[in-house]
Amino acid sequence: MARSNSFTDRLIGSRRNQIHRIKAKDITGRTAYYFVLVDTVREAAFIADLKAKESIDLSSYGQVLASNYGEEPSEAVRQMLKERYDIDV
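The letter at position 16 of the sequence shown is residue 582 when you use my numbering, and the numbering goes up by one with no holes.
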């Protein structure tokens, strides 16, 4: 897949410090990796809720850019993040 040149993808790539890599169990109990672009105004609440709550809806804090089941990010997720947003995982 060729790297995207869309304005949105370039903007997301430039905000990599706001992309959180989360390893957690989903609602079925399976281990999953999530990459979440968290809105600046929601970041403090996001971090506090990750520590304090057993379960949170990641999409209420920002945009889930990628996810996969497993103990590590999959090769497909790594490749997509690199090609689309120029983010190395």
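All C-beta atoms in this analysis are idealised placements derived from N, C-alpha and C, irrespective of residue type, glycine included.
Subject >> K589 CB to nearest heavy atom of the ligand MN below 7 Å >> reply: Absent from the structure shown: the ligand MN. Ligands present: none.
Original post:
Within this structure, are the beta carbons of A611 and A598 separated by less than 8 Å?
Top reply: In this structure, A611 sits away from A598, with a CB-CB distance that is not shorter than 8 Å.
Subject >> Between the CA atoms of L577 and I651 - distance to the nearest angstrom >> reply: Here the sequence assigns Tyr to residue 651, which means Ile is not the residue at that position. Roughly 8 Å separates the two Cα atoms.
**OP:** Specify the secondary structure class of I593 as computed by DSSP and reduced to three states.
**Re:** Looking at I593 - three-state DSSP - the assignment turns out to be coil, as it is neither helix nor strand.
**OP:** Indicate whether L616 and R581 have their beta-carbon atoms separated by less than 8 Å.
**Re:** For the pair L616 and R581, the CB atoms are not nearer than the 8 Å cut-off.
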